[in-house]
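Numbering (my numbering), first residue to last: -16 to 135.
Note sheet for the following structure.
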DNA sequence: ATACTGATTGTTGCC
DNA sequence: GGCAACAATCAGTAT
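Listed below in structure tokens is the structure:
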């Protein structure tokens, strides 16, 4: 087993302690991104006020926020839920059931997902830096042609 | 046919 | 300390 998780019975505290520079979108200097990006699909809607829909579906290059532990659990929960409830397809119903069970889950059970989410956040932070760097570099989406070959 | 909705919790940044 | 907003997903609804 991967006892990578720190044995700190305090999810919030643990993450809180870590100073994560996760700048989702500082309203101060975000103009740079919004200036060139933000290419609305066609309808030209800005769901900024509304959080319900894709909101950031216009995420061409911007790294979207990583799913939280709950979302990862949802993925796993949804599979099992659909198997036992094939008639339920909407995520809404699953989300309700999942949320209810999520609260009943113990910290040890949730910490697993917390750990994943934390790691993902770190990766997201890294992607954000890379994204910003690219923006400053020239935002030219033109990776090496025949310089670096993908081994994967 | 396409875009948007709803519902769940978590995380994060600002005031 | 608390609020606002956004993250995925998918069937259903609206235009």
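Every residue, glycine too, gets a C-beta built ideally from N, C-alpha and C.
Whole-angstrom Cβ separation of residue 48 and residue 114, contact assumed at under 8 Å? About 13 Å; that fails the 8 Å criterion.
Among 112, 116, 109 and 80, nearest to residue 54 - alpha-carbon criterion: 80
Can you have a look at residue 56 and say buried or exposed, based on whether 16 or more other CB atoms are within 10 angstroms of its CB? buried
Would you mind sorting residue 87 into buried or exposed? The rule is 16 or more other CB atoms within 10 Å of its CB. exposed
State yes or no: is the C-beta of residue 84 within less than 8 Å of the C-beta of residue 52? no
Ordered along the chain, which non-local residues of its own chain (more than five positions away) have a Cβ less than 8 Å from that of residue 71? 64, 65 and 77
With distances taken from CA atoms, which of 111, 112, 99 and 109 is nearest residue 50? 99
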